[in-house]
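Enquirer:
In the numbering used here, the protein residues as written are 2 to 461.
(1) On the DSSP letters alone, give me the boundaries of the alpha helix (DSSP H) that residue 63 sits inside.
(2) What span of residues does the alpha helix (DSSP H) with residue 345 cover, start to end?
(3) Can the beta-carbon of residue 106 be found closer than 8 Å to that of residue 122?
(4) For the beta strand (DSSP E) containing residue 447, name the first residue and the last one.
(5) Throw me the rounded Cβ distance for the residue 155 and residue 82 pair, which I believe falls under 8 Å.
(6) For residue 410, name the three-state secondary structure that DSSP assigns.
(7) So, with DSSP's three-state summary, where would you put residue 4?
(8) Are residue 334 and residue 253 close, meaning C-beta to C-beta below 8 Å?
(9) Which partner residues of residue 98 appear in the DSSP bridge assignment?
(10) I'd like to know whether the C-beta atoms of residue 101 and residue 449 end up nearer to each other than 8 Å.
(11) Grab me the residues of residue 444's own chain with a C-beta within less than 7 Å of its C-beta, minus the 5 sequence neighbours each way, in chain order.
(12) When you compare each of 172, 111 and 161 to residue 143 by their alpha carbons, which one comes out closest?
(13) Smallest Cα separation from residue 68: which of 343, 78, 25 and 349?
(14) Going by DSSP, what residues sit across from residue 231 in a beta bridge?
(15) Name the two residues that bound the continuous beta strand (DSSP E) containing residue 72.
(16) Under a Cβ-count criterion, where at least 16 other Cβ atoms within 10 Å of its own Cβ denotes burial, should residue 259 be classed as buried or exposed?
(17) Do you know how far the Cα of residue 86 is from the Cα of residue 238?
(18) Identify every residue that forms a DSSP beta bridge with residue 91.
(19) Just mark residue 36 as buried or exposed, buried being the case when its beta carbon has 16 or more other beta carbons within 10 Å.
(20) Identify every residue that forms a DSSP beta bridge with residue 179.
(21) What whole-angstrom Cβ distance do residue 195 and residue 164 have, given they're in contact under 8 Å?
(22) DSSP three-state call for residue 330: helix, strand or coil?
(23) Apart from the five residues just before and just after residue 98, which ones in its own chain have a Cβ nearer than 7 Å to its Cβ?
(24) Excluding the 5 residues flanking residue 326 on each side, which residues of the same chain have their C-beta closer than 7 Å to its C-beta?
(25) Going by DSSP, what residue range makes up the beta strand (DSSP E) through residue 280?
(26) Classify residue 307 as helix, strand or coil using the three-state DSSP reduction.
(27) So which of 438, 208 and 366 has the shortest CA-CA distance to residue 355?
(28) Whole angstroms are fine: how far does the CA of residue 17 sit from the CA of residue 11?
(29) If you scan the region 142 to 224 from start to end, which runs of the beta strand (DSSP E) of 3 or more residues do you find wholly inside it?
(30) Could you pull the DSSP bridge partners for residue 474 from this structure?
(31) With C-beta atoms as the reference, is residue 280 less than 8 Å away from residue 227?
(32) Reducing DSSP to helix, strand and coil, say where residue 404 ends up.
(33) Exposed or buried, what is residue 60 when buried is set at 16 or more other beta-carbons lying within 10 Å of its beta-carbon?
(34) Comparing alpha-carbon positions, which option in 300, 307 and 230 lies nearest residue 269?
(35) Leaving out five residues on either side along the sequence, give the residues of the same chain with a beta carbon under 6 Å from the beta carbon of residue 117.
(36) Do residue 400 and residue 183 count as a contact pair if the criterion is CB distance below 8 Å?
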């Protein structure tokens, strides 16, 4: 018996044609920026139900406007290594959209950084920031500098050179960078010091992710990982499930992964695996988080050394194999496109019940479709990993008021924000005919907030 063909309304046809037309413009203007194209395509496709029901957004040409950054800055970053050799890296900052507030988004230091990576991250940041309910626009930045293997003095010299160029484009009410891959409190501290020297003023709100002693917020380090677990817990409970007693696989071993592991364990889960850029560890008895923290946060060693301390654990070279470990919940917290369609199918075959994205766009479009089509609960990154930027905005608020909140107060606010993001994503999915599809719901909820502000502010 043939399935009943899906009836597509005329409004949906018009919306689909509009989306495809604008996406062709994006591809032609950005022909080699494949990560950016992927991020745009994922969001565009999920907005078709919105445009079909509310054509006002097509009338105002919001899509054509929102895919063009308000400003894209590229610059050279010369610095001197410990051997006295002059090195040159590329620096980037994309100030994508300021409809809701000053540009806000992290800085990534990694060899893979280029204009496509920065634009995809900045584009995602627009909608992620909107979902938090905080008054912040979308931006992102970074460099192809690799901090791994560099001395503290080399990192200091690089970050000072980086900030010497960047400082003229940022400010507490203009653009507020933070950390991302390769940029932690140390790098933020060096950049803040150089900004302070160049500006001749102590503007605490210009950077977030600072150390506690000079304007940082308690719970910022934990925020993305904790927020991810808070969001996924909301999704699980809505579907009669729980972290309690669940087997969890987490990729990565940076801040996001470590504190996702910590909160998942606090909620009663058994986390059995994590990874770094070389490979992954599997501990069937459950990871010893103290060991992971010691290796990655204190000693800055590779994750493979875990098995020397815990003989019952196993280490495997390469990263994709981590998704072959049977689990109830998968939390990709490493990098973009780490779960492809093959990995998603493997997760499905092994009985995964939920996938929550702690990294930015860690699943390919094809992988997301596999998960959704097989009934896996799917928490997209722009909703699930918004906890980090949410607490960054809370850090900005504390800096503006010249006071500090307790860890408990910040954590409570984070929990409330993640709860509200889940509710707004769920409500949008229901309203536009895709109940349970948080990818569609999050994209529509974030887009509507930005688009309405853009319409109100005119063509600027």
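Don't be surprised by glycine CBs; every beta carbon is placed ideally from N, CA and C.
Expert: Working from what's here:
(1) Residues 63 to 67.
(2) 342 to 350 is the extent of the alpha helix (DSSP H) around residue 345.
(3) Yes, Cβ-Cβ distance for residue 106 and residue 122 is below 8 Å.
(4) Per DSSP, residue 447 lies in no beta strand (DSSP E) segment; the continuous alpha helix (DSSP H) that holds it begins and ends at 439 to 458.
(5) Under the criterion of beta carbons closer than 8 Å, residue 155 and residue 82 qualify as touching, at roughly 6 Å.
(6) Helix at residue 410.
(7) Caution applies to residue 4, whose pLDDT of 45 falls short of 50 and renders its modelled position unreliable; the model cannot decide the point.
(8) Closer than 8 Å, so yes.
(9) According to DSSP, residue 98 shares a beta bridge with 139.
(10) Pairing residue 101 with residue 449 gives a Cβ-Cβ distance that is not under 8 Å.
(11) In the same chain as residue 444, and ignoring 5 residues on each side of it, the C-beta atoms closer than 7 Å to its own belong to 44, 47, 48 and 128, in chain order.
(12) When only C-alpha atoms are compared, the closest one is 111.
(13) Closest by alpha carbon: 25.
(14) In DSSP, residue 231 forms no bridge with anything.
(15) Looking at the DSSP string, the run of the beta strand (DSSP E) that includes residue 72 is 72 to 81.
(16) That one is buried.
(17) One alpha carbon belongs to residue 238, the other to residue 86, and they sit about 56 Å apart.
(18) In the DSSP assignment, residue 91 forms a beta bridge with 77.
(19) Looking at its Cβ environment, which holds 16 or more other Cβ atoms inside 10 Å, residue 36 is buried.
(20) BP columns for residue 179 point to 107.
(21) That belief holds up - the Cβ atoms of residue 195 and residue 164 are roughly 4 Å apart, short of 8 Å.
(22) If DSSP states are grouped into helix, strand and coil, residue 330 belongs with the strands.
(23) Residues 67, 71, 127, 138, 139 and 451 of the same chain have their beta carbon placed closer than 7 Å to that of residue 98, with the five preceding and five following residues left out of the count.
(24) 250, 273, 274 and 283.
(25) Taken as a continuous stretch (DSSP letters only), the beta strand (DSSP E) holding residue 280 covers 280 to 283.
(26) Helix at residue 307.
(27) If you compare the alpha carbons of 438, 208 and 366 with that of residue 355, the shortest gap goes to 438.
(28) Annotation: residue 11 to residue 17 spans about 10 Å, alpha carbon to alpha carbon.
(29) Entirely contained in the region 142 to 224, the beta strand (DSSP E) runs reaching 3 residues are, in chain order, 176 to 180.
(30) Outside the shown range of the chain, which is 2 to 461, sits residue 474, and nothing can be said about it.
(31) Cβ atoms of residue 280 and residue 227: not closer than 8 Å.
(32) DSSP places residue 404 in coil when its eight states are reduced to three.
(33) Label assigned to residue 60: exposed.
(34) Ranking 300, 307 and 230 by Cα distance to residue 269 puts 230 first.
(35) Here residue 117 has 34, 36 and 37 as same chain residues with Cβ atoms under 6 Å from its own Cβ, once five neighbours each way along the sequence are excluded.
(36) Contact: no.
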